[in-house]
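Trainee:
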Amino acid sequence: MRRKQAVAKGFKAWLAGADMPVLNAQPLSNDEVEKLEEGMALFDGAKFWHAHEAWEDLWNMLKHRQAPSEEILLVQGLIQTAAMLLHHQRRNLAGVEKQWAKLQPKLRDWTTAWGIDVASHLVVIRTYAQDAGAWTLKASDHQLPRA
1 MRRKQAVAKG
11 FKAWLAGADM
21 PVLNAQPLSN
31 DEVEKLEEGM
41 ALFDGAKFWH
51 AHEAWEDLWN
61 MLKHRQAPSE
71 EILLVQGLIQ
81 TAAMLLHHQR
91 RNLAGVEKQW
101 AKLQPKLRDW
111 TTAWGIDVAS
121 HLVVIRTYAQ
131 DAGAWTLKAS
141 DHQLPRA
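Quick note, the sequence shown lines up with residues 1 to 147 if you use our numbering.
1) What residues match up with R146 in a beta bridge as DSSP calls it?
2) Under three-state DSSP, which class holds K47?
3) Using 7 angstroms as the threshold, is the C-beta distance between L114 and L86 below it?
4) Note down, in chain order, each residue of its chain lying with its Cβ closer than 7 angstroms to the Cβ of M1, except the 5 sequence neighbours on either side.
5) Which value, in whole angstroms, describes the spacing of the CA atoms of L78 and T136?
6) Tell me whether the stretch 115–125 and the stretch 53–61 touch, counting them as touching only if at least three CB pairs, one residue from each stretch, are closer than 8 angstroms.
7) Determine whether the beta carbon atoms of A83 and Q99 lie at a separation below 7 angstroms.
8) The alpha helix (DSSP H) that contains P105, what's its start and end?
9) Where does G17 sit, in a helix, a strand or coil, going by DSSP?
10) Give the secondary structure of K63 by DSSP, where H, G and I count as helix, E and B as strand, and everything else as coil.
11) With DSSP as the reference, label W55 as helix, strand or coil.
12) Spatial neighbours of E70 within its chain, please: C-beta separation below 6 angstroms, excluding the five flanking residues on both sides.
13) Please work out which residues of its chain come closer than 6 angstroms, Cβ to Cβ, to L155, disregarding the five sequence neighbours upstream and downstream, and give them in chain order.
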């Protein structure tokens with residue numbers, strides 16, 4: 001099947017409610033794994049600003065080696081998740097709403113990547129976005145679900 005026909009068929013299936021193809025992350029280099037895991041540990045320790053910084057280093061590494069754009073956006077979504085939870089901690093409604101709007105499209109097509117259960121993470125992060133204004137949840141209670 002020619003590419004144009006395949007794309008049209010996939011789009012029609014999506015419109016009919018079929019799931020989009022699952023994205024698969026390529027293996028990371030040792031340095032990239034180190035930055036990913038550093039960010040994960042900081043995130044799990046509720047050090048959201050520092051997690052953001054570690055993942056920003058990873059994001060720059062991926063951009064430098066011209067990794068697939070979906071992977072670069074995945075890391076950007078993780079960075080924005082950390083920023084959103086920092087805004088939640090600080091009870092900054094506008095910040096939570098802004099980060100949720102930016103991160104959700106970047107993470108929604110992933111199930112798992114690099115040992116992270118991205119789909120479960122997004123479900124939980126949605127609850128924090130919905131909690132903005134009520135502030136009944138503690139951002140420090142969320143840890144990245146592992147795949």
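Idealized CB from N, CA, C, for every residue including glycine. Note that the structure is predicted; figures quoted are calculated from it, not measured.
Mentor: Taking the coordinates as given:
1) The residue labelled residue 146 in the question sits at position 146 within the sequence shown. Bridge partners of R146: I116.
2) In the sequence shown, the residue the question calls residue 47 occupies position 47. Coil.
3) The count along the sequence shown starts at 1 and reaches residue 114 at position 114. The count along the sequence shown starts at 1 and reaches residue 86 at position 86. A small correction: the amino acid at residue 114 is Trp; Leu does not occupy that position in the sequence shown. Result no, Cβ atoms of W114 and L86 do not sit closer than 7 angstroms.
4) Residue 1 sits at position 1 when you count from the first residue of the sequence shown. The predicted position of M1 is uncertain, since its pLDDT is 41 and thus under 50; a value taken from the coordinates is nonetheless stated next. Correct list: empty, nothing qualifies.
5) As a first step, residue 78 must be located in the sequence shown, where it is residue number 78. As a first step, residue 136 must be located in the sequence shown, where it is residue number 136. Spanning the two alpha carbons is a distance of roughly 23 angstroms.
6) no
7) Walking along the sequence shown from the start, residue 83 turns up at place 83. Walking along the sequence shown from the start, residue 99 turns up at place 99. Yes, the pair counts as a contact, with Cβ atoms nearer than the cut-off.
8) Your numbering for residue 105 matches position 105 in the sequence shown. Note, P105: alpha helix (DSSP H), L93 to L107.
9) Counted from its first residue, the sequence shown places residue 17 at position 17. In this prediction, G17 scores a pLDDT of 47, lower than 50, which makes its location untrustworthy; no coordinate-derived value is stated.
10) By 1-based counting over the sequence shown, the position of residue 63 is 63. Three-state DSSP puts K63 in a helix.
11) Position 55 of the sequence shown, counted from the first residue, corresponds to residue 55. Residue state, collapsed to three classes: helix.
12) Taking the first residue of the sequence shown as position 1, residue 70 is located at position 70. These residues qualify, in order along the chain: L23.
13) Outside the displayed range of the chain (1 to 147) lies residue 155, so it cannot be described from this structure.
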